[in-house]
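Here's the structure we're looking at; comments come further down.
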Ligand SMILES: *Cc1c(COP(=O)(O)O)cnc(C)c1O
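Residue numbers (the numbering used here): 23 to 445.
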């Protein structure tokens, strides 16, 4: 039986799409290694890792096996009053991998929820200190998810703020860091945040930021010194620092976590996407004992969150297998190698009229254009060339699985060059 594209067009919403004018969708029958296999047997080299998540590629033997083994025991049980080895193993791994101070783990179902949980932790922290605060500070061009609190701290220009105006909470934004990762640090960069915090710190619960790489809000890569300065400012005013590493975590930027580029410890850390190697939805929010215990010493006496699928054993089992596989793989060499190859292959794009900028860090390659692309048209051109690359707005970007071969990576890069070179 063939995939019913007509039903899809008539009844299914895809991310950020219209029901009146649905964009074309390509039917995927399966995926293996670093390739997506379409229903008509065409193979596309995957440049997206399914939005940062599939860090090891598809149909990975170790991960398949972890799911199957767990299926034989239980797929899910409630986490209220019950516990299980997959969740305990995952918490042990996360506590060991992440910065020293992060010792208390909240496992949830998706990245946006992990951000909601982080924000709730910060609110309850100040509530418990009998000094309630309801504002957050952040930089422009950020992206933290599509649920309401997550949207409220995402870039206010993206359209989401206007759409839900009146309902969406209003927080403090300042200019995003401008100094690029490899440039000489310019201290003027921290001034907007300095000014914002100096003025409003008494009403702010926490600062939330994507360390080093701002993802869906513009694919911007900034200088680690910004994070050091931000950490110092949060310390100065006693504010919590929330690092949203949902996109950057698990090696993507060349470090296990992007915070390591600046050698800082956040007070709260959000993880997701690559956590399960892209097998299923799972996220985690970690915090320190000091923050956790402060929260629970308040009037509420508890941290007030508990999703139905909290600690889902299937997802935890595959997350454990994914982390194990990552740690036993030469991931640093792989990501460094991808970075070198991206530098080599994407540099040529800078000579193209349509291209405004190329930036690369770890296994992330970004080609920024002068004008937004015609998505349906450019998508078809990429598929014709045997690659899966999904641009948004002015940005064409690659974040392939770490297991991508040199030949596949070159195919991705030359497809971008060829498509952008077309008159
Ligand atoms: C994707 C993303 C989220 C949201 O995660 P979902 O699983 O899509 O809810 C939050 N923060 C960052 C930095 C992300 O990249």
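Quick reminder that beta carbons are idealized off the backbone N, C-alpha and C, glycines included.
Every value quoted in this text rests on a predicted model; they were computed, and no experiment measured them.
Check: Does the beta-carbon distance from residue 420 to residue 397 come in below 7 angstroms?
Finding: no
Check: Hey, how far is the Cα of residue 437 from the Cα of residue 276?
Finding: 24 angstroms
Checklist line | Heavy atoms of ligand 1 versus C-beta positions, residues under 7 angstroms | finding: 73, 74, 132, 133, 134, 135, 137, 165, 166, 167, 168, 172, 232, 237, 238, 266, 268, 269, 292, 294, 295, 303 and 305
Next item on the list: Rank 374, 415 and 385 by C-alpha distance to the C-alpha of residue 394 and give the top, closest one.
Entry: 415
Notebook entry, point to check: Is it the case that the Cβ atoms of residue 230 and residue 313 are separated by a distance below 7 angstroms?
Noted result: no
Note to self: According to DSSP, residue 430 sits in a beta bridge with which residue or residues?
What the structure shows: In the DSSP output, where bridge partners are listed per residue, residue 430 has none listed.
Item checked: Beta-carbon proximity list for residue 163, same chain, < 7 angstroms, skipping 5 on both sides -> 177, 198, 236, 239, 240 and 242
Next item on the list: Please list the segments of the alpha helix (DSSP H) lying wholly inside the stretch 320-360, counting only runs of 4 or more residues, in order along the chain.
Entry: 335-350
Check: Below 7 angstroms between beta carbons: does that hold for residue 358 and residue 302?
Finding: no
Notebook entry, point to check: Can you tell which of 354, 399, 442 and 431 has its C-alpha closest to the C-alpha of residue 378?
Noted result: 442
Check: Within the chosen definition, does the stretch 279-289 reach the stretch 89-105 through at least 3 CB pairs nearer than 8 angstroms?
Finding: no
Margin query: In the DSSP assignment, the alpha helix (DSSP H) including residue 217 goes from what residue to what residue?
Written below: 213-222
Next item on the list: Could you tell me which residues DSSP puts in a beta bridge with residue 59?
Entry: 52 and 65
Check: Helix or strand or just coil, what does DSSP make of residue 435?
Finding: helix
Next item on the list: Please state if the CB of residue 332 and the CB of residue 129 are separated by a distance shorter than 7 angstroms.
Entry: yes
Item checked: Contacts around residue 200, its chain only, beta-carbon distance under 7 angstroms, and the 5 residues preceding and following it disregarded -> 211
Notebook entry, point to check: Along the chain, where does the alpha helix (DSSP H) that runs through residue 381 open and close?
Noted result: Here residue 381 belongs to no alpha helix (DSSP H); instead the beta strand (DSSP E) covers 377-383.
Notebook entry, point to check: Which first and last residues belong to the alpha helix (DSSP H) in which residue 404 is found?
Noted result: 397-406
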